[in-house]
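Student:
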Amino acid sequence: MRMEKHTNSKPPIAGGLLAGIDVGGTKILGGLVSSDGKVVFEHRVPTRREHLLEDIVEVGRAIIAEAGHEARAIGIGTTGYVDRENGVLLQSMNMGIGGLPLAKSLTEATGLPVFVENDVHAATVGEIHFGAGRRYEDFILYNAGTGLATGMVFAGRLHRGASNYAGENGHISIDQSHTTICRCGCSGCVESLLLAARKGIDTVPAYLPRIEAPENKEYGYLALNLVQLINLLNPPAVVLAGGMFNGNPAATEWVKRAVRAHALPNALLGLREIELSRNAHFTGLIGAAALTRETATKQGLED
Numbered sequence: 003m004r005m006e007k008h009t010n011s012k013p014p015i016a017g018g019l020l021a022g023i024d025v026g027g028t029k030i031l032g033g034l035v036s037s038d039g040k041v042v043f044e045h046r047v048p049t050r051r052e053h054l055l056e057d058i059v060e061v062g063r064a065i066i067a068e069a070g071h072e073a074r075a076i077g078i079g080t081t082g083y084v085d086r087e088n089g090v091l092l093q094s095m096n097m098g099i100g101g102l103p104l105a106k107s108l109t110e111a112t113g114l115p116v117f118v119e120n121d122v123h124a125a126t127v128g129e130i131h132f133g134a135g136r137r138y139e140d141f142i143l144y145n146a147g148t149g150l151a152t153g154m155v156f157a158g159r160l161h162r163g164a165s166n167y168a169g170e171n172g173h174i175s176i177d178q179s180h181t182t183i184c185r186c187g188c189s190g191c192v193e194s195l196l197l198a199a200r201k202g203i204d205t206v207p208a209y210l211p212r213i214e215a216p217e218n219k220e221y222g223y224l225a226l227n228l229v230q231l232i233n234l235l236n237p238p239a240v241v242l243a244g245g246m247f248n249g250n251p252a253a254t255e256w257v258k259r260a261v262r263a264h265a266l267p268n269a270l271l272g273l274r275e276i277e278l279s280r281n282a283h284f285t286g287l288i289g290a291a292a293l294t295r296e297t298a299t300k301q302g303l304e305d
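Letter by letter, the sequence shown follows residues 3 to 305 in my numbering.
1. For residue 378 and residue 216, which I take to be in contact (beta-carbon distance under 8 Å), what is that distance rounded to the nearest angstrom?
2. What residue ranges within the stretch 78-116 form continuous beta strand (DSSP E) runs of no fewer than 3 residues, ordered along the chain?
3. With a CB to CB cut of under 8 Å and the five nearest residues on each side skipped, what residues in its chain are close to residue 220?
4. Within 10 angstroms of the Cβ of residue 6, are there 16 or more other Cβ atoms? Answer buried if so, exposed if not.
5. I'd like the span of the beta strand (DSSP E) that includes residue 123, first residue to last.
6. In chain order, what are the residue ranges of uninterrupted alpha helix (DSSP H) at least 4 long that sit wholly in the stretch 213-282?
7. Between which two residues does the beta strand (DSSP E) harbouring residue 155 extend?
8. Measure the Cβ-Cβ separation of residue 70 and residue 132 and say whether it is below 8 Å.
9. If I measure Cβ to Cβ from residue 233 and keep anything under 7 Å in the same chain, skipping five residues before and after, which residues do I get?
10. Once DSSP output is grouped into helix, strand and coil, what is the label at residue 194?
11. Would you give the residue range spanned by the beta strand (DSSP E) that residue 38 belongs to?
12. Helix, strand or coil, according to DSSP, for residue 143 in the structure here?
13. So is residue 29 buried or exposed if we call it buried at 16+ other beta carbons inside 10 Å?
14. Is the Cβ-Cβ distance between residue 174 and residue 250 less than 8 Å?
15. So, is residue 237 buried or exposed, given that buried needs 16 or more other C-beta atoms within 10 angstroms?
16. Can you give me the C-alpha to C-alpha distance between residue 136 and residue 181, rounded to a whole angstrom?
17. Quick one, which of 171, 193, 218, 202 has its alpha-carbon nearest residue 231's?
18. Roughly how many whole angstroms lie between the Cα atoms of residue 93 and residue 155?
19. Please work out which residues of its chain come closer than 7 Å, Cβ to Cβ, to residue 85, disregarding the five sequence neighbours upstream and downstream, and give them in chain order.
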């Protein structure tokens, strides 16, 4: 298995290290995060769906070997639907796999407690501890990558929902013409339109008449979806995350302008910030590591 390793020049800050693993469709990124949210060590491998569990275990062993006794637990943020209580990846539609006992396997390999969460939920926990949560009690993290998902924070706590499935905003319909049918069975879900446009399929563009058209339809869908969420939730801050925002600053600025041009005026009164995550490029890893802080505090594992 080919592995790549990178160590930052800065030494870890006193207070111990947080260990995390971000599991995505193209790479598994493990690493160590200092007590003030800086990535001080990285270790990554390409995602091999048929060997996902063994690769996660190997990445976990590598980062714990680097941490020595400074890491007390490991957090995993993974794409898909997660059983948090048992640390199981139940289903990943993106990768076509499921039923993987991530926590049990990694605990057996390292001897450390392991906490598992959906990747966007994990990224939002990272923002609570090391990003927007330091400035706001309420905010949303809007993630646009391979698909769409949102983390919602109220009174400083992540809203996970009754079955740990909150935040699936990709299945909000923005087109009832029946020209695009989502895999969920409904017409015009924003994620299905986004994926179709990405493949070059002709789709109905988002109607945003108060601003010039975006460079491509995908960003119009993001802006319209964000307008709906802002009108519904009235947050004081929106954190933008994911590859679609990280890789295209001009489009990100267009989305911010489109949102402010089309959201309801009373919702905009309280909206103080729409900004790219300050953890950009490492939102998943920092979020996974932050899971150990969130959960270990509750269980008395921290000093």
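Ideal placement from N, C-alpha and C gives every residue a C-beta, glycine not left out.
Tutor: Looking at the atomic coordinates:
1. Lying outside 3 to 305, the shown extent of the chain, residue 378 is not represented and no answer is given.
2. 83-85, 90-93
3. As a first step, residue 220 must be located in the sequence shown, where it is residue number 218. Hits under 8 Å: 196, 199, 200, 246.
4. Your numbering for residue 6 matches position 4 in the sequence shown. Note that residue 6 has pLDDT 41, beneath the 50 cutoff, so the model's placement of it is unreliable and no number is given.
5. The residue labelled residue 123 in the question sits at position 121 within the sequence shown. Looking at the DSSP string, residue 123 is not in any beta strand (DSSP E); the run it does join, the alpha helix (DSSP H), is 121-132.
6. 219-235, 245-248, 251-264, 267-271
7. Here the question's residue 155 lines up with position 153 in the sequence shown. Looking at the DSSP string, the run of the beta strand (DSSP E) that includes residue 155 is 150-156.
8. Here the question's residue 70 lines up with position 68 in the sequence shown. Here the question's residue 132 lines up with position 130 in the sequence shown. Not closer than 8 Å, so no.
9. For the purposes of this step, residue 233 is taken as residue 231 along the sequence shown, with counting starting at 1. These residues qualify, in order along the chain: 265, 266, 269.
10. In the sequence shown, residue 194 corresponds to position 192, counting from 1. Note: residue 194 maps to helix in three-state DSSP.
11. Here the question's residue 38 lines up with position 36 in the sequence shown. Counting along the chain, residue 38 falls outside any beta strand (DSSP E), and DSSP gives it neither H nor E.
12. Taking the first residue of the sequence shown as position 1, residue 143 is located at position 141. It is a strand residue.
13. Translated into positions along the sequence shown, residue 29 becomes position 27. Per the 10 Å Cβ criterion, exposed.
14. The sequence position of residue 174 within the sequence shown is 172, counting from 1. The sequence position of residue 250 within the sequence shown is 248, counting from 1. Their beta carbons are not under 8 Å apart, which means residue 174 does not touch residue 250 by this criterion.
15. Taking the sequence shown and counting its residues from 1, one reaches residue 237 at position 235. The residue in question, residue 237, is buried, as its Cβ has 16 or more Cβ neighbours within 10 Å.
16. What you label residue 136 is simply residue 134 of the sequence shown in a count that begins at 1. What you label residue 181 is simply residue 179 of the sequence shown in a count that begins at 1. Distance between the alpha carbons of residue 136 and residue 181: 43 Å.
17. For the purposes of this step, residue 231 is identified with residue 229 of the sequence shown, where counting begins at 1. The shortest C-alpha separation from residue 231 is found at 171.
18. Residue 93 sits at position 91 when you count from the first residue of the sequence shown. Residue 155 sits at position 153 when you count from the first residue of the sequence shown. Rounded to the nearest angstrom, the two C-alpha atoms are 24 Å apart.
19. Mapped onto the sequence shown, residue 85 falls at position 83. Correct list, in chain order: 92.
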